[in-house]
Amino acid sequence: MDKQLDLKDVVLIGRTFEEYCKMFDLDSNLLKNEIILDVASGVSSFCAEANREGFNVTASDRIYSSSPLEIEQKCRQDLDMVVKQLPDIADLYVWNFFKDIQ
Ligand SMILES: C[S@@+](CC[C@H](N)C(=O)[O-])C[C@H]1O[C@@H](n2cnc3c(N)ncnc32)[C@H](O)[C@@H]1O
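Plus 4 on top of the position in the sequence shown (first one is 1) and you've got this note's numbering.
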């Protein structure tokens, strides 16, 4: 089988406001005129950061029925699991935004 990240489940790893803007080509002109629903927002900080900047964003995700401690534990396990695998598959990624695994 080809070399790849081996995931058994949806992983709880969240992106930041900056990462969302780059990923979806968002900018403040677009965001300021919209009411935005971030579906499957998980542990992303996009909604929190956007609202702090004055934008109107709501986050939704089925994990929000879990307690903060349960979310933190799953997030920590998922991050550890992904970071453990990364050294062997680092060459599959473009390291422009993140410069290295750390
Ligand atoms: C990899 S996380 C991405 C989180 C965020 N969008 C980001 O980019 O940082 C995927 C999220 O999808 C959510 N998810 C998976 N299946 C879903 C479903 N059927 N309905 C709603 N959320 C779902 C998971 O709970 C998880 O938080």
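A virtual CB, placed ideally from N, CA and C, is assigned to each residue, including glycine. Please read all numbers here as calculations on a predicted model, not as lab measurements.
| task | Keeping to the same chain, check which residues put their C-beta closer than 8 angstroms to that of Lys36; ignore five residues upstream and five downstream. | result | Gly58, Phe59
| Going along the chain, which unbroken runs of the alpha helix (DSSP H) with 4 or more residues stay wholly within the segment 22 to 87? | 32 to 36, 50 to 56
| query | Can we count Val86 as close to ligand 1, meaning its CB is less than 8 angstroms from some heavy atom? | reply | no
| Residues near Cys51 by beta carbon distance below 8 angstroms, same chain, minus five either side | Asp42, Ser45, Val61, Thr62, Ala63
| task | Give the C-beta separation of Glu53 and Phe21 to the nearest angstrom, bearing in mind that I take them to be a contact with Cβ-Cβ under 8 angstroms. | result | 4 angstroms
| request: With DSSP as the reference, label Ser92 as helix, strand or coil. | output: Strictly speaking, residue 92 in this sequence is Asp, with Ser absent from that position. DSSP places Asp92 in helix when its eight states are reduced to three.
| task | Identify, in the order they occur along the chain, each residue of the same chain with its Cβ nearer than 6 angstroms to the Cβ of Ser48, setting aside the five sequence neighbours on each side. | result | Gly18, Arg19
| request: Tell me whether Tyr24 is buried or exposed, calling it buried when 16 or more other Cβ atoms sit within 10 Å of its Cβ. | output: buried
| What's the call for Leu16, buried or exposed, on a 16-neighbour Cβ count within 10 Å? | buried
| task | Compute the distance between the beta-carbons of Lys7 and Leu90, then report whether it is under 9 angstroms. | result | no
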